[in-house]
Amino acid sequence: MAVNTWDGAVSTDWNDAGNWNTTGITDRVPTSADDVIIPNTSSLNNPTLSATGGNPKNVNSLEIQANGTIVGGGIAIRVYGENSNGYAVDNDGIIDGGSTLHLIIKTDTTTALDLNGTSGSFTNVEIDHASCVAQLAENASILGTLTITAGEFDTASDRDLTVAGDVSVTGTLTGNASAIEFNSLTIAAAGTYSATSGVTTLTGEKDYWALDVADGGTFAHNSGTVTVTTNTNTFIRGMEGDDTSGSGANALNDLTVNLGAAGYRLELRPIGSGITAHNIVGDVIVTRGLFYQETDAHTLTIGGDVTVQANGTLGKSSISGNNSFGSLTIESSGEYIATSGTTTITDKTSSGNYSLDNQGTFTSNGGTLKVTGDGGHIREQGNGSIHNLVVDLGGSSEVHKLSDSTTITGNLTITEGHFQPNGRNLTVEGLVTNNDTFTASSGVMSFGGIRTQGTGFTGAGTVNILGTGAIIEGNLDDSNVVINLDSALLFDGTNDSVDC
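In the working numbering, each number is its position in the sequence shown, counted from 1, plus 171.
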């Protein structure tokens, strides 16, 4: 390989051989056999690319030294190899900010890229050789697009990567633990994004998609976070997998929805018509905007904690598919619009042990809230009411408690486990069905009716049975039951202490 150094002796024209000093051979315009050096040009003409002589311009490697300036002119430089230091591109200089300079890497081996100099950035960057592994040597910013047609683009030692435009992956993009920001991310059928274990931020969209994974494409979450901050309505497509290990099955780990305004929405769309379930492995935070599955009957499973913050809304009134969350926290001025089906809470928050912590608005939408797992608390300090509540814990020894006075507009069913109002007032407008243990401590309880088949309804609380056609059935041990009825009352079973 020859070293071909710019000297600008004649003009600014890249295509004039008189501007080049080629070691060991007659001066020539660079070819794919040349390691090209742009030295300090502060006292030289700056090399300026043009379409004359063809586009792209071919080099073996490109080095822009300190204070060296290159003027792109909307032309691409195509790199076929690397220099003796292992760099396909080594930029410590200046890319003229008033021009565009594109870069195509066709190096057929593992090579280093230093894309950011002291000023300016490459506009569009493409990796295009199946044997290329392009590794960042420094943090990188790309003004336009990043296209990985073939080969691999690797952030290497956790170098940060910012791409102002869209990123398209048909080869492999490896994020390590880098801070990564794209306008949008498209993964083709043969493409793989091995995501950063840090945060991938998506600031825009391409053809409606902030994140679009084709059938056969791979998004390996690596326990990282995707944050969507688009200033518009947008979609995530193809992320309905059930992967929990971070390789292959296209499930998001953690997701943060922080759209440009509270009225913008992020929707989950499946790849094809046969997909009806969406899965997110970790936590979801809805900071600003609306978030839900696009198709009303589809299910949404979030394995971790769900937090809806002040300017966020999770769900919509037409959703009928079942939801499942690890826990649900609704902060002040946040809202959860529940599915008209069943919302299942499988765990509790590490702080406060809340399965449901509502300090905002819980809109029941006529649906059912089901709590499972190993118990926890319900805190109702916000607006709205639970419609139906089902307590179905992991065993009869597990306890679920109320942290505040609570109103249930439908029915309360204890399938398995121990339910305690915990001294709080509890109103159940429908029927309370107890198949395990209900302990009523101090506090006033008002029910439409009671059917108890478990160990009984015990404790020192006062229970008002209100409404028409109410039912008292089963064992009400040690309870003071005050009955106020407008019509028929059905007694069935043993009632130890009934005061009519």
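Where a beta carbon is used, it is the ideal one built from N, C-alpha and C, also for glycine.
> When the Cα atoms are used, what is the spatial distance from LYS572 to TYR435?
Replying inline: Cα-Cα distance, rounded: 36 Å.
> For ASN190, which three-state DSSP category applies?
Replying inline: Taken through DSSP and simplified to helix, strand or coil, ASN190 comes out as helix.
>> Quick check on ASP331: does DSSP put it in helix, strand or coil?
In response: DSSP places ASP331 outside both helix and strand once states are collapsed to three, so it counts as coil.
> Cα separation between GLY291 and THR345?
Replying inline: The C-alpha of GLY291 lies about 24 Å from the C-alpha of THR345.
>> Taking the straight line between their C-alpha atoms, what separation do you get for VAL479 and ASN229?
In response: So the two alpha carbons sit approximately 52 Å from each other.
> Using the beta-carbon count (16 or more within 10 Å), is SER328 buried or exposed?
Replying inline: Per the 10 Å Cβ criterion, exposed.
>> Judging by CA-CA distance, which residue of SER612, ALA509, ARG330, ASP187 is the nearest neighbour of THR223?
In response: It is ASP187.
>> Once DSSP output is grouped into helix, strand and coil, what is the label at SER232?
In response: It is a strand residue.
> DSSP on PHE293, reduced to helix/strand/coil?
Replying inline: Note: PHE293 maps to coil in three-state DSSP.
>> Closest to TRP177 by C-alpha separation, out of GLY553, ILE196, VAL207, THR197, would be which residue?
In response: It is VAL207.
>> For a quick check, are the C-beta atoms of THR472 and THR447 less than 8 Å apart?
In response: Taking 8 Å as the cut-off, the Cβ atoms of THR472 and THR447 do not count as close.
> So, are the CB atoms of MET616 and LEU602 less than 8 Å apart?
Replying inline: For MET616 and LEU602, no; Cβs fall outside 8 Å.
>> Looking at GLY409: is its Cβ nearer than 8 Å to the Cβ of LEU437?
In response: The criterion of a C-beta distance shorter than 8 Å is not satisfied by GLY409 and LEU437.
> Taking DSSP as the reference, what is the three-state secondary structure of ASP425?
Replying inline: Three-state DSSP puts ASP425 in a strand.
> Taking C-beta to C-beta, are GLY555 and SER511 nearer than 8 Å?
Replying inline: Against a cut-off of 8 Å, the Cβ pair of SER511 and GLY555 comes out as no contact.
> Is THR610 near the ligand NAP, in the sense that its beta carbon is under 7 Å from a heavy atom of that ligand?
Replying inline: Within the structure as shown, the ligand NAP is missing, as the structure has no ligands at all.
>> Can you tell me whether SER418 is buried or exposed? The criterion is at least 16 other CB atoms within 10 Å of its CB, across all chains shown.
In response: The predicted model places SER418 with a pLDDT of 46, which falls under 50 and marks its position as unreliable; any figure quoted below should be read in that light. Looking at its Cβ environment, which holds fewer than 16 other Cβ atoms inside 10 Å, SER418 is exposed.
> In whole angstroms, what separates the C-alpha of GLY369 from that of ALA350?
Replying inline: Between GLY369 and ALA350, the C-alpha separation is close to 6 Å.
>> What does the alpha-carbon distance come out to for the pair THR415 and THR515?
In response: Residue placement at THR415 is flagged as unreliable, the pLDDT there being 46, under the threshold of 50; a coordinate-derived value is accordingly withheld.
> What did DSSP end up calling GLY179 once you bin it into helix, strand or coil?
Replying inline: Residue state, collapsed to three classes: coil.
>> Can you find the residues in the same chain that come closer than 6 Å, C-beta to C-beta, to GLU352, ignoring five residues on each side of it along the sequence?
In response: Shown here for GLU352: same chain residues with a beta carbon closer than 6 Å to its own, the five before and five after excluded, namely THR333, THR372 in chain order.
> Since SER129 is in the beta strand (DSSP E), which residue starts that stretch and which ends it?
Replying inline: Limits of the chain in this structure are 172 at one end and 671 at the other, which puts residue 129 out of reach.
>> By the three-class DSSP mapping on this structure, what secondary structure does ARG199 have?
In response: Of the three classes helix, strand and coil, the one that applies to ARG199 here is coil, per DSSP.
>> Once DSSP output is grouped into helix, strand and coil, what is the label at GLY417?
In response: Note on GLY417: pLDDT 43, under 50, position unreliable in the model; the coordinate value appears next. DSSP, reduced to helix, strand and coil, places GLY417 outside both helices and strands of the structure shown, so it counts as coil.
>> Among the candidates ASN256, SER488, SER521, ILE490, whose CA atom is the shortest distance from the CA of LEU499?
In response: Nearest C-alpha to LEU499: SER521.
> Any idea if SER613 is buried or exposed, counting beta-carbon neighbours within 10 angstroms, 16 or more meaning buried?
Replying inline: Counting Cβ neighbours within 10 Å, SER613 comes out exposed, since fewer than 16 surround it.
> Short check: CB of GLU126 to CB of TYR258, under 8 Å?
Replying inline: Within the shown structure, residues of the chain are numbered from 172 to 671, placing residue 126 beyond reach of any answer.
>> What does DSSP give as the partner residue(s) for GLU323 in the beta ladder?
In response: According to the DSSP secondary-structure assignment, GLU323 is paired through a beta bridge with VAL304, THR343.
>> What does the Cβ neighbour count give for THR665, buried or exposed, with the cut at 16 atoms within 10 Å?
In response: For THR665, the pLDDT reaches just 46, beneath the cut-off of 50, and the residue's location in the model is therefore unreliable, although a value from the coordinates is still provided. With fewer than 16 Cβ atoms within 10 Å of its Cβ, THR665 is classed as exposed.
>> Between THR400, PRO218, SER535, which has its C-alpha nearest THR580's C-alpha?
In response: Considering only alpha carbons, the answer is SER535.
>> According to DSSP, is MET616 part of a helix, a strand, or is it coil?
In response: Three-state result, MET616: strand.
>> Among THR281, ILE549, GLY565, ASN404, whose alpha-carbon lies nearest the alpha-carbon of ALA578?
In response: Going by the sequence as given, residue 578 is Thr instead of Ala. When the alpha-carbon of THR578 is set against those of THR281, ILE549, GLY565, ASN404, the nearest one is in ILE549.
> Hey, GLY245 and THR280 are a contact pair by Cβ (cut 8 Å); roughly how many whole angstroms apart?
Replying inline: The distance from the Cβ of GLY245 to that of THR280 is about 29 Å, inconsistent with a contact at the 8 Å cut-off.
>> Restricting to Cα atoms, I'd like to know which of ASN216, ILE276, LEU527 is closest to ALA321.
In response: Residue ILE276 holds the alpha-carbon nearest to the alpha-carbon of ALA321 among ASN216, ILE276, LEU527.
> Taking C-beta to C-beta, are THR294 and HIS273 nearer than 8 Å?
Replying inline: With contacts defined as CB atoms closer than 8 Å, THR294 and HIS273 qualify as a contacting pair.
> Which class does VAL399 belong to by DSSP, given the choice of helix, strand or coil?
Replying inline: Annotated three-state conformation of VAL399 is strand, per DSSP.
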